[in-house]
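Student:
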Amino acid sequence: MAGDKRTDRHYFRVIDVGGDEMRRMVLPVLAVALMGCSGQPEPSEETVTPTPEITVPAMPELAADDSPAGAEAFARHYIEVLNYSALTGDTAELENLSADDCTGCAKYIELYRSTYQNGGFFTGGEWTVEAVALNSRNSTHEVTADISASAGSSKKSATDTEIENAAYQERVFLEVSRGGDRWIAQRLGRPEE
């Protein structure tokens, strides 16, 4: 026997159809089964990989410390939350971590909020902190971070054209201070601003 493939004609010879009534029942079933056999492998079903759900980054324990190391950990966390807000349009945590009078913070919050409300999006472009310099003055800490941003794309609204953005490097300035028992972003921008 040549094998047990459904397209092998010997496979169907071994079926016992005994009797006319059995033949009338089996032959239509075989005909239907053979119609699906083309000698070509069946197309495999497309496997859909679900997009991992993006969640709000958890505040690291160190970011709660009232210390220069705590200020740096908070600044790194703030950048992670910026990335999260850019990819999701959810700005609640970014607002929670930002002072009401932080104009740089407010610009990003409004950009992300309005983009998603208008049917736009951001993909890629996440910031990665490469190096940090910390300048402490009393209870205020100035954090200068060298970041690299991955390539990405954006669309400001459902009707706008998608814009491709190349990877880039940037220096970001974040001033943080204690607000009660936690850190708050007071200023966000470029060091020269």
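Those letters in the sequence shown? Residues 1251 to 1443, per the numbering used here, in order.
Using N, Cα and C, we set each Cβ at its ideal position, and we do this for glycine too.
In this text, all values refer to a predicted model and were calculated from it rather than measured experimentally.
In terms of residues, what are the limits of the beta strand (DSSP E) holding residue 1430?
Tutor: One-based indexing of the sequence shown puts residue 1430 at position 180. No beta strand (DSSP E) holds residue 1430; DSSP gives it neither H nor E.
Student: Ends of the alpha helix (DSSP H) at residue 1359?
Tutor: Here residue 1359 is taken as the residue at index 109 of the sequence shown, counted from 1. First-last of the alpha helix (DSSP H) with residue 1359: 1353 to 1367.
Student: How far does the beta strand (DSSP E) with residue 1404 in it reach, from first residue to last?
Tutor: In the sequence shown, counting from the first residue as 1, residue 1404 sits at position 154. Here the beta strand (DSSP E) through residue 1404 covers 1402 to 1405.
Student: Just reading off the alpha helix (DSSP H) that residue 1304 is part of, what are its end residues?
Tutor: In the sequence shown, residue 1304 corresponds to position 54, counting from 1. Looking at the DSSP string, residue 1304 is not in any alpha helix (DSSP H), and its letter there is neither H nor E.
Student: Do three or more CB pairs link the region 1373 to 1390 to the region 1351 to 1359 at distances below 8 Å?
Tutor: Touching, no.
Student: Using the rule of at least 16 other Cβ atoms within 10 Å of the residue's Cβ for burial, across every protein chain shown, is residue 1370 buried or exposed?
Tutor: Counting from 1 along the sequence shown, the entry for residue 1370 is found at position 120. Per the 10 Å Cβ criterion, buried.
Student: Return the chain-ordered list of same chain residues with a C-beta closer than 7 Å to the C-beta of residue 1403, the five sequence neighbours on each side being excluded.
Tutor: Translated into the one-based positions of the sequence shown, residue 1403 becomes position 153. Within the same chain, residue 1403 has close Cβ partners 1373, 1374, 1412, 1413, 1414, 1415.
Student: What are the residues that DSSP puts in a beta bridge with residue 1422?
Tutor: Translated into the one-based positions of the sequence shown, residue 1422 becomes position 172. 1395.
Student: Helix, strand or coil: which one does DSSP assign to residue 1435?
Tutor: By one-based count along the sequence shown, residue 1435 stands at place 185. Strand.
Student: Tell me, please, which residues DSSP counts as bridged to residue 1379.
Tutor: Counting from 1 along the sequence shown, the entry for residue 1379 is found at position 129. Residue 1379 is bridged to 1397.
Student: Among residues of its own chain, excluding the 5 on either side of residue 1246, which ones have a beta-carbon nearer than 6 Å to its beta-carbon?
Tutor: Outside the shown range of the chain, which is 1251 to 1443, sits residue 1246, and nothing can be said about it.
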